[in-house]
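Residue numbers (our numbering): 48 to 160.
These notes are about the structure you will find just below.
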Amino acid sequence: KHEPTKYEIEESEILQLIKQLENEHKQSVGYDKMTRLIKLSHQIPYTVNKKRVIRIMKDHSIKADYRQPTHKRIQAQQTYEAENILNRQFDQTAANQVWVTDTTELNYGIRLN
48 KHEPTKYEIE
58 ESEILQLIKQ
68 LENEHKQSVG
78 YDKMTRLIKL
88 SHQIPYTVNK
98 KRVIRIMKDH
108 SIKADYRQPT
118 HKRIQAQQTY
128 EAENILNRQF
138 DQTAANQVWV
148 TDTTELNYGI
158 RLN
């Protein structure tokens, strides 16, 4: 067997620090925040790249435990519907006997709900 290289020693030090930070933050830290925490801890005297942290976390199956936000879906309720008096018979004998319209509501900008 061979002695561990400088790179392998660095990897094991980074892995130990990642596991320590993961336990401190209750498995809620992804690679981006983990990289910042490693840099802020000043426990490792060399620079650590995001790609290196991603690879180490992926190799040791360390993932952030977070929940996707759920959205409440509110079914739209029709407030008013008029009776169908015409029954699609639009024929008229004189002017201005039957008036028909159709509306479509388009919401733009800030929602007030």
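Don't be surprised by glycine CBs; every beta carbon is placed ideally from N, CA and C.
Thr126 counts as exposed, since fewer than 16 other beta carbons sit within 10 angstroms of its beta carbon. When DSSP states are grouped into helix, strand and coil, Gln63 belongs to the helix group. Straight-line spacing of the CA atoms in Asp138 and Arg120 works out to 42 Å. The alpha-carbon separation between Val95 and Gln124 amounts to approximately 55 Å.
A residue is called buried once 16 or more other Cβ atoms fall within 10 Å of its Cβ, and Thr82 is buried on that count.
In this structure, the alpha-carbon of Gln74 lies about 60 Å from that of Asn131. According to the DSSP assignment, Tyr93 belongs to no alpha helix (DSSP H), since it is labelled neither H nor E.
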